[in-house]
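Numbering (this note's numbering), first residue to last: 877 to 1179.
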């Protein structure tokens, strides 16, 4: 009897264990599901012009800009390169809002980035020395507009669903020439005359650093023909210093009036030239003031 009890007590743990498992192995626990991948945010931009554009009305439908996006690494900004950036020269077209040729997204939802834009869109061989040329003949509105290069940037931007505001500004200079009657002229006679204007001795080619907007004039000097609009002759000019020469020539009914002057055309500034035409003095009286008024009289006399 004692041997039977001993056997029973020996087998009891095994019987209990077998009853708990139902005679089968326990199933492996199911791992928790992986969290869904975070969707990358679309890059949206909203460039705005500091001051008036060449057209004086801001961006127009069909205008195109190029966008570069440079990511930060370890909290440090990257360097804008011609290629290999997170976004390199993606074309955006304006139609009330800015739409890219193809959708671009942030690299993730945490990495900051610098944004660079330029207008008008083109192929870019070098972001450090982008080759740009103003038109020598700007007498048509399309040729004048095409000479208005603008650049802009917004730095250290965190990923966002909102459009990135990027201020852009003019990299060219502008001359605005107004003709007023002096001795021997009246407003009526001047309006009926055959009048043309030339700007002489200016370089029309430049290299531009798209990261900084700095402009370097290159090439030979040439003569510009401005656009006549709203009783004003306007021309976009590569920023530069012009040595003394016949800077502006006004031709009235075949007679030339020349302004001999050296002048510095400054980046982003509109330089106003008010020219008084006088038959008796055979000269042109000129008052020049920059867009940002400096209260200086930069006038001169052309003979």
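Glycine included, C-beta positions come from ideal geometry on N, C-alpha and C.
Limits of the alpha helix (DSSP H) - the one that residue i falls within
i: residue 1137; result: Note, residue 1137: premise wrong, no alpha helix (DSSP H); beta strand (DSSP E) at 1131-1141.
i: residue 1068; result: 1063-1068
Inter-residue Cα distance where the pair is residue i and residue j
i: residue 1005; j: residue 1115; result: 15 angstroms
i: residue 1138; j: residue 1121; result: 6 angstroms
i: residue 1102; j: residue 1129; result: 18 angstroms
i: residue 1104; j: residue 918; result: 43 angstroms
i: residue 1023; j: residue 1009; result: 7 angstroms
i: residue 953; j: residue 979; result: 23 angstroms
i: residue 1111; j: residue 1079; result: 13 angstroms
i: residue 1028; j: residue 1042; result: 6 angstroms
i: residue 1040; j: residue 1019; result: 30 angstroms
i: residue 1081; j: residue 1012; result: 10 angstroms
i: residue 1073; j: residue 1146; result: 17 angstroms
i: residue 1038; j: residue 916; result: 13 angstroms
i: residue 1060; j: residue 966; result: 56 angstroms
i: residue 1149; j: residue 973; result: 37 angstroms
i: residue 970; j: residue 948; result: 28 angstroms
i: residue 986; j: residue 1035; result: 6 angstroms
i: residue 1007; j: residue 1118; result: 20 angstroms
i: residue 920; j: residue 981; result: 9 angstroms
i: residue 1107; j: residue 961; result: 46 angstroms
i: residue 1109; j: residue 951; result: 49 angstroms
i: residue 1100; j: residue 1125; result: 10 angstroms
i: residue 1057; j: residue 977; result: 51 angstroms
i: residue 1068; j: residue 1095; result: 38 angstroms
i: residue 1093; j: residue 1062; result: 39 angstroms
i: residue 1086; j: residue 1155; result: 47 angstroms
i: residue 963; j: residue 1066; result: 54 angstroms
i: residue 1021; j: residue 1133; result: 28 angstroms
i: residue 1136; j: residue 936; result: 38 angstroms
i: residue 988; j: residue 940; result: 25 angstroms
i: residue 1064; j: residue 1017; result: 26 angstroms
Beta-carbon separation (whole angstroms), residue i vs residue j, contact threshold 8 angstroms
i: residue 1077; j: residue 1052; result: Not a contact, Cβ separation roughly 18 angstroms.
i: residue 1141; j: residue 1015; result: The pair is not a contact, with the Cβ atoms about 19 angstroms apart (cut-off 8 angstroms).
First and last residue of the uninterrupted beta strand (DSSP E) at residue i
i: residue 941; result: 940-947
i: residue 1119; result: 1116-1128
i: residue 1111; result: 1108-1113
i: residue 1096; result: 1091-1100
i: residue 1147; result: 1146-1154
i: residue 1103; result: 1103-1105
i: residue 921; result: 921-925
i: residue 957; result: Element bounds for residue 957: n/a, residue is neither H nor E.
i: residue 1083; result: 1071-1084
Check whether residue i and residue j have beta carbons under 8 angstroms apart
i: residue 991; j: residue 1044; result: no
i: residue 925; j: residue 934; result: yes
i: residue 923; j: residue 1003; result: no
i: residue 955; j: residue 946; result: yes
i: residue 1123; j: residue 1075; result: yes
i: residue 1151; j: residue 1055; result: yes
i: residue 975; j: residue 968; result: yes
i: residue 1089; j: residue 1000; result: no
i: residue 1084; j: residue 1030; result: no
i: residue 1143; j: residue 1091; result: yes
i: residue 1113; j: residue 1071; result: no
i: residue 818; j: residue 1026; result: Since the displayed the chain opens at 877 and closes at 1179, residue 818 lies outside it and no answer follows.
Closer than 8 angstroms to chain D by CB, residue i
i: residue 980; result: Among the chains of the structure shown, chain D does not appear; only one protein chain is present.
Checklist entry - Counting only runs that start and end within the stretch 968-1049, where is the beta strand (DSSP E) found for 3 or more residues in a row? => result 974-976, 989-995, 1006-1009, 1026-1033, 1040-1046
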